[in-house]
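Residue 20 in full-length UniProt numbering is what sits at position 20 of the sequence shown, and the numbering runs on without skipping anything. Please read the structure below before turning to the comments.
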Amino acid sequence: MSLIEFASLGSGSKGNATLVKAEDTIIMIDCGFTVKETEIRLASLGVEPSQVTAVLVTHEHGDHIKGAAPFARRYKIPVYMTYGTARAKSLETHQQLALICSHEPFKVGALSIQPVIVPHDAQEPVQFVVKYQNKRLGVLTDLGSYTPYVVNHYKQCDALLLECNHDLTMLRYGPYPPSLKQRVAGNYGHLNNQQAAQFLKQVDQDRLQHLVVSHVSEQNNQVDLALDELVQVCARGRDWIKVANQDEGFSWLSIL
Ligand SMILES: [Zn+2]
Ligand SMILES: [Zn+2]
1 MSLIEFASLG SGSKGNATLV KAEDTIIMID CGFTVKETEI RLASLGVEPS
51 QVTAVLVTHE HGDHIKGAAP FARRYKIPVY MTYGTARAKS LETHQQLALI
101 CSHEPFKVGA LSIQPVIVPH DAQEPVQFVV KYQNKRLGVL TDLGSYTPYV
151 VNHYKQCDAL LLECNHDLTM LRYGPYPPSL KQRVAGNYGH LNNQQAAQFL
201 KQVDQDRLQH LVVSHVSEQN NQVDLALDEL VQVCARGRDW IKVANQDEGF
251 SWLSIL
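Laid out in structure tokens, this is it:
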């Protein structure tokens, strides 16, 4: 039986990229690293750049889009994004561009993808739920708050990459200037650990095979603080929860 598998090239404010694989299709969700760094990180996961079927970009922030267009151009693969994201980076005429509608599902090879609009301070940001046969992987980062619409799309997932960006106390007393603290903590910024735990309470945890903590701020959070919040609402133990870090992401996980 074929499986859906996923892995991360790295996650955090210095760059994000997630791989999802089923049959001979491999998509890369976001490409926030330079082309060279992307190639190195792909190699460590056993993937040739030419095996990547498509790049999907969630929004125009540098930690998600930096390498997307150059990588797509070099390897002649399509790069999918909303019109708002393309316009924000003047990519409307990029040769490899495939525009998506922010609420309509689309297919890339063996994978079906549902974009989900999220509250974040970008032009037309989306996150993605990836489906293969009856399995669903939810990738959910870069949202300042979650809406009933977001919960509806993510509550039945078999695996979830969930943003735990900051600890509110660390952010408050941390090094960011006041305006940036307000932005990060705001409704269009990033999810804090408590919000991530509140979100987790609303999904069907019986169905979840993997939970991966993602987009953890190096300045304003610690993995242990995120886990402290999540274990309070998670039926499974602390050791079950995985972490996508900035330097290495995480290696392949299978959804059975
Ligand atoms: Zn980000
Ligand atoms: Zn962002």
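Built from N, CA and C at the ideal position, the CB exists for glycine as well. No experiment lies behind these values; they were computed from the predicted model shown.
Discussion item. Buried or exposed for isoleucine 166, going by 16 or more other Cβ atoms inside 10 Å?
Written reply: The amino acid at residue 166 is misidentified as isoleucine; the sequence shows histidine. Histidine 166 comes out buried.
Item to complete: List in chain order the residues whose CB is within less than 5 Å of at least one heavy atom of ligand 2.
Response: His61 and Asp142
Fill in: Identity of the residue in Asn187, Ile26 and Glu163 nearest alanine 197 by Cα
Glu163
Discussion item. Considering only their Cβ atoms, is the gap separating phenylalanine 250 from serine 44 smaller than 8 Å?
Written reply: no
Item to complete: Have a look at alanine 68 and leucine 160 and give me their C-alpha separation to the nearest angstrom.
Response: 23 Å
Worksheet item: Residue range of the beta strand (DSSP E) that lysine 131 falls in?
Response: Its beta strand (DSSP E) spans residues 126-132.
Item to complete: Select from Lys135, Val184, Gly237 and Asn193 the residue whose C-alpha is nearest the C-alpha of proline 119.
Response: Of Lys135, Val184, Gly237 and Asn193, the residue nearest in Cα terms is Val184.
Worksheet entry | Candidates Thr58, Ala54, His64 and Asp228, of which the one nearest arginine 73 by Cα | Ala54
Item to complete: Keeping to the same chain, check which residues put their C-beta closer than 8 Å to that of valine 151; ignore five residues upstream and five downstream.
Response: Closer than 8 Å at Cβ, skipping near neighbours: Phe199, Gln202 and Val203.
Worksheet entry | aspartate 63 to glutamine 222 span [Cα, whole Å] | Computed Cα separation, rounded: 19 Å.
Item to complete: Identify whether arginine 136 lies in helix, strand or coil by the three-state DSSP scheme.
Response: strand
Practice prompt. Compute the minimum distance between the beta carbon of serine 13 and the heavy atoms of ligand 1, and state whether it is under 7 Å.
Written response: yes
Worksheet item: phenylalanine 199 lies in the alpha helix (DSSP H); which residues open and close that run?
Response: 193-201
Discussion item. Can you give me the C-alpha to C-alpha distance between aspartate 121 and aspartate 228, rounded to a whole angstrom?
Written reply: 28 Å
Worksheet item: Does ligand 1 have even one heavy atom less than 7 Å from the beta-carbon of asparagine 192?
Response: no
Item to complete: Might you give, ordered along the chain, the residues of its own chain that have their beta carbon closer than 6 Å to the beta carbon of leucine 168, omitting 5 neighbours on each side?
Response: So the qualifying residues of the chain are Asn192.
Worksheet item: Who pairs with glutamine 114 in a beta bridge, going by DSSP?
Response: Val129
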